[in-house]
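Just so you know, we're using this note's numbering here: the sequence shown kicks off at 1 and counts up by one.
Glycine included, C-beta positions come from ideal geometry on N, C-alpha and C.
I have placed the structure first, in the form of structure tokens, so that the comments after it can refer back to it.
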Amino acid sequence: MRQIQAALCHEHGAPLTIETVGLRAPLAGEVEVIIDAVAVCHSDISFWQGGFGGSLPAVFGHEAAGRIAAVGAGVQGFEVGDDVVVTLIRACGHCPCCASGQPTICETPVDAANSPLHMADGTPVYQAMDTAAFAERVVVDHSQIAKVPADLPKDIAALLACGVITGVGAAVHAANLTAGQDVVVIGAGGVGLNAIQGARIAGARRIIAIDMSEDKLETALDFGATDGVLATHMKPWKHVQRILGRGADAVLVTVGSAAVYDQAPRYLANGGKVVMVGMPHAGETASYPPLQMAYAGQSLIGSKMGDVVLRRDIPWLVDLYKQGRLKLDELISGRWDFTQINEAIADTLSGAARRNVIMMTSDTTTDRD
């Protein structure tokens with residue numbers, strides 16, 4: 001069993017500690033990946049806070065990029081040395097959802113007890129989100145990776161593993177936006193900015209960003225929003241209706257707040273849809289006026305990881321980036337050394353960061369903008 005350094009959580013909300021843990025070799029269908037960069041996502045923070053449950057000790061992190069170090073039996077299409085993104089999207093390939101092109105909601109359960117990580121005394125370490133990328137290496141199912149070009153910087157590649165595909169995919173796949181439609185994106189953080197980019201790529205007429213921060217609304221304009229409305233306004237949906245002349249065709253909620261979900265249908269036009277992207281903590285609930293929504297032909301749609309198909313959508317997004325049509329460099333707020341992971345989490349919690357990236361390789365310069 002290989003010994004690696006990983007950031008462990010022994011108590012929800014307590015600082016992570018970098019410790020030596022054991023990582024077993026990949027089994028059939030699995031790959032081992034050396035992690036070069038991993039971004040801090042709010043889902044990692046929710047797990048760390050205890051909002052999504054899960055056993056302890058645990059290793060979080062799921063938005064990563066690196067190089068394949070070993071390949072298990074039966075894996076095809078990947079070789080040692082391939083540059084890849086590592087995601088939490090684990091798909092069996094044969095359940096009804098996978099067979100219908102929806103691998104993000106694969107129905108085949110994963111045996112959480114079969115973690116590839118163990119403490120020195122043999123205690124299993126929970127592999128959060130089937131990834132555990134706050135570590136030097138991971139062992140994951142081959143369905144969780146996708147190749148990227150060798151010349152794509154790993155900090156940029158890591159963003160493609162979650163925040164970018166979740167936001168862009170929510171607009172393009174889940175909302176199924178068409179040219180000329182009007183869109184509201186609630187939340188101008190990392191995922192929200194990518195939802196804005198997705199709406200722009202899909203050809204939306206007006207893209208209105210909603211956020212509590214004027215600075216974030218300014219940033220949203222740089223990423224393709226046509227308008228910004230402060231969520232602190234009295235009845236901000238009225239401001240949206242004045243801008244559009246009606247409600248929106250789609251409202252993409254990218255923040256994990258049940259209270260925001262309560263308000264989301266107020267922004268809709270007849271026939272519009274709310275796309276649920278942000279994930280509140282377990283147990284939180286939202287309420288809706290079903291009679292009004294049914295009468296207006298409105299709908300609620302869940303979107304997990306942007307409804308993407310990794311090996312179709314990652315090459316597409318890389319190509320858009322290289323063409324200059326998808327902003328990725330501008331998403332990175334700061335680059336941090338692995339030893340600074342708690343500071344990176346704290347900075348993300350402050351609300352100011354778009355995406356903080358942990359650089360795992362020692363030869364990478366750390367900077368914070």
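*Indicate the three-state DSSP secondary structure (helix, strand or coil) for residue 208 in the structure shown.*
Here residue 208 carries a strand assignment [DSSP, helix/strand/coil].
*Mapping DSSP to helix, strand and coil, what is residue 333?*
Three-state result, residue 333: strand.
*Under a three-way DSSP split, which group does residue 242 fall into?*
If DSSP states are grouped into helix, strand and coil, residue 242 belongs with the helices.
*How should residue 376 be labelled, buried or exposed, when 16 other C-beta atoms within 10 angstroms of its C-beta is the threshold for buried?*
What the structure shows of the chain is the stretch from 1 to 369, and residue 376 is not part of that stretch, so it cannot be assessed.
*Among 160, 102 and 170, the one whose alpha carbon lies nearest that of residue 370*: Coverage of the chain is limited to positions 1 through 369, which leaves residue 370 absent and any answer about it impossible.
*Thinking C-alpha only, which one of 147, 248, 194 and 57 is nearest residue 118?*
In terms of Cα proximity to residue 118, the closest of 147, 248, 194 and 57 is 57.
_Spatial neighbours of residue 37 within its chain, please: C-beta separation below 6 Å, excluding the five flanking residues on both sides._
Spatial neighbours of residue 37 in its own chain (CB-CB distance under 6 Å, excluding positions within 5 residues in sequence) are listed in chain order as 65, 154, 155, 158, 357 and 359.
*Consult DSSP for residue 342 and reduce its assignment to one of helix, strand or coil.*
For residue 342, the secondary structure class from DSSP, reduced to helix, strand or coil, is helix.
_Threshold first: 4 residues or longer. Then list the alpha helix (DSSP H) segments lying entirely within the region 96-128, N to C._
For the region 96-128, the continuous alpha helix (DSSP H) assignments of 4+ residues that do not extend past its boundaries occur at 96-99, in sequence order.
*When you compare each of 172, 337 and 74 to residue 313 by their alpha carbons, which one comes out closest?*
When each option's Cα is compared against that of residue 313, the closest is 172.
*Tell me whether residue 30 sits in a helix, a strand or coil according to DSSP, three-state version.*
In the structure shown, the three-state DSSP call for residue 30 is strand.
*By a C-beta neighbour count over all protein chains shown, 10 Å radius and 16 as the cutoff for buried, is residue 86 buried or exposed?*
Flag for residue 86 reads buried.
*contact_flag[the region 304-313, the region 91-103] where n(CB pairs < 8 Å) is 3 or more*: As far as the Cβ criterion goes, the region 304-313 touches the region 91-103, which means the pair count is three or higher.
*asked:* Using C-beta distances below 7 Å, list every residue in its chain close to residue 293, excluding the 5 sequence neighbours before and after it, in chain order.
replied: Close CB contacts of residue 293 within its chain, under the 7 Å cut and outside five residues either way in sequence, are with 265 (chain order).
_If you follow the alpha helix (DSSP H) that residue 320 is in, where does it begin and where does it stop?_
Where residue 320 is concerned, the enclosing alpha helix (DSSP H) stretches over 310-323.
_Distance CB(residue 186)-CB(residue 230) smaller than 9 Å_ = Result no, Cβ atoms of residue 186 and residue 230 do not sit closer than 9 Å.
*Rounded C-beta distance between residue 204 and residue 183? I'm assuming under 8 Å.*
That belief holds up - the Cβ atoms of residue 204 and residue 183 are roughly 5 Å apart, short of 8 Å.
_Euclidean distance between Cα positions of residue 145 and residue 225_ = About 31 Å.
_Secondary structure of residue 56, DSSP reduced to three states_ = DSSP, reduced to helix, strand and coil, places residue 56 outside both helices and strands of the structure shown, so it counts as coil.
*Sorted by chain position, which residues of the same chain lie with C-beta nearer than 7 Å to residue 223's C-beta, five sequence neighbours on each side aside?*
Cβ within range, chain order: 193, 196, 197 and 327.
*Roughly how many whole angstroms lie between the Cα atoms of residue 94 and residue 236?*
Take the alpha-carbon of residue 94 and the one of residue 236: they are about 45 Å apart.
*With DSSP collapsed to three states, give me the class of residue 370.*
Nothing about residue 370 can be read from this structure; the chain reaches only from 1 to 369.
*Would DSSP call residue 196 helix, strand or coil?*
Of the three classes helix, strand and coil, the one that applies to residue 196 here is helix, per DSSP.
*Quick one: Cα of residue 91 to Cα of residue 130, how far?*
Each residue's alpha carbon lies about 11 Å from the other.
*Per DSSP, residue 276 forms a beta bridge with which residues?*
When DSSP reads this structure, residue 276 sits in a beta bridge with 253 and 302.
_Contact check, residue 256 vs residue 281, beta carbons under 9 Å_ = Contact: yes.
*Compare the C-alpha of residue 249 against each of 273, 242 and 233 and name the closest.*
Nearest C-alpha to residue 249: 273.
*Who pairs with residue 356 in a beta bridge, going by DSSP?*
40 and 334.
*What is the DSSP secondary structure of residue 24, reduced to helix, strand or coil?*
Correct three-state label for residue 24: coil.
*Helix, strand or coil for residue 17 per DSSP?*
Residue 17: strand per DSSP, three-state reduction.
*In angstroms, rounded to a whole number, what distance separates the CA positions of residue 75 and residue 116?*
Taking the straight line joining both Cα atoms gives about 17 Å.
*Quickly, what does DSSP pair residue 83 with across the bridge? List them, please.*
Its beta-bridge partners are 67.
*Pull up the DSSP beta-bridge partners for residue 138, would you.*
The partner list for residue 138 (beta bridge, DSSP) reads 33.
_Buried or exposed for residue 143, going by 16 or more other Cβ atoms inside 10 Å?_
It is buried - the Cβ of residue 143 has at least 16 other Cβ atoms within 10 Å.
*Cβ neighbour criterion (16 or more within 10 Å) applied to residue 431*: Past the boundaries of the shown model lies residue 431; the chain is included only from 1 to 369, so the question cannot be answered.
_Out of 300, 337, 352 and 82, which one is the CA nearest neighbour of residue 218?_
Of 300, 337, 352 and 82, the residue nearest in Cα terms is 352.
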